[in-house]
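In the numbering used here, the protein residues as written are 21 to 159. Scroll down for the structure; my scribbles are underneath it.
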């Protein structure tokens, strides 16, 4: 019971991120598990940037996922669709159903607010990459 309670408390503190358990059972993880956790954390933030960046023109979810994968940023549908809904709820995307083809498709595109946020995130990302690269060169 205490273990479940600790796990629950940690997951709540870390916004439900499954890898938040890393902090609690750090010493029990293999190197591969530790790296996998860090990679997952890095990908979570970069996926938002990738999605916003690619939606300057309307795209439906499946084609967006394929495009991201082709460009080296694979995103699982279980991650992509909730993210699209969240970004739409934040006013960064708008969507529209297209029924003209045989299968109805929901197309997403950035709003003006989404474009502004995308530009700010892009600038922050570029600055962060430069700064981290500089740190790595010092080693």
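Ideal Cβ positions, reconstructed from N, Cα and C, are used throughout, including at glycine.
Residue i versus residue j - alpha carbon distance
{"i": "residue 152", "j": "residue 117", "result": "41 Å"}
{"i": "residue 42", "j": "residue 48", "result": "With a pLDDT of only 48 at residue 42, under 50, the local geometry of the prediction cannot be trusted, and no value is derived from it."}
{"i": "residue 75", "j": "residue 149", "result": "22 Å"}
{"i": "residue 110", "j": "residue 147", "result": "25 Å"}
{"i": "residue 81", "j": "residue 130", "result": "13 Å"}
{"i": "residue 69", "j": "residue 138", "result": "7 Å"}
{"i": "residue 128", "j": "residue 159", "result": "43 Å"}
{"i": "residue 101", "j": "residue 89", "result": "15 Å"}
{"i": "residue 156", "j": "residue 86", "result": "32 Å"}
{"i": "residue 15", "j": "residue 65", "result": "No statement about residue 15 is possible, as the shown extent of the chain runs from 21 to 159 and does not include it."}
{"i": "residue 93", "j": "residue 62", "result": "12 Å"}
{"i": "residue 55", "j": "residue 105", "result": "29 Å"}
For residue i, the nearest candidate out of the options (CA to CA)
{"i": "residue 77", "options": "141, 147, 113 and 123", "result": "113"}
{"i": "residue 91", "options": "119, 67, 106 and 99", "result": "67"}
{"i": "residue 103", "options": "140, 119 and 84", "result": "84"}
{"i": "residue 99", "options": "119, 50, 60 and 51", "result": "60"}
First and last residue of the uninterrupted beta strand (DSSP E) at residue i
{"i": "residue 116", "result": "113-118"}
Local Cβ density within 10 Å of residue i, reported as buried at 16 or more and exposed below that
{"i": "residue 142", "result": "exposed"}
{"i": "residue 79", "result": "buried"}
{"i": "residue 72", "result": "buried"}
{"i": "residue 107", "result": "buried"}
{"i": "residue 57", "result": "buried"}
{"i": "residue 95", "result": "buried"}
{"i": "residue 134", "result": "buried"}
Beta-ladder partner(s) of residue i, from DSSP
{"i": "residue 129", "result": "114"}
{"i": "residue 79", "result": "128"}
Min CB distance residue i to chain D below 8 Å
{"i": "residue 99", "result": "Given the protein chain composition of this structure (a single chain), no chain D is represented."}
Terminal residues of the alpha helix (DSSP H) in which residue i lies
{"i": "residue 102", "result": "97-109"}
{"i": "residue 60", "result": "51-74"}
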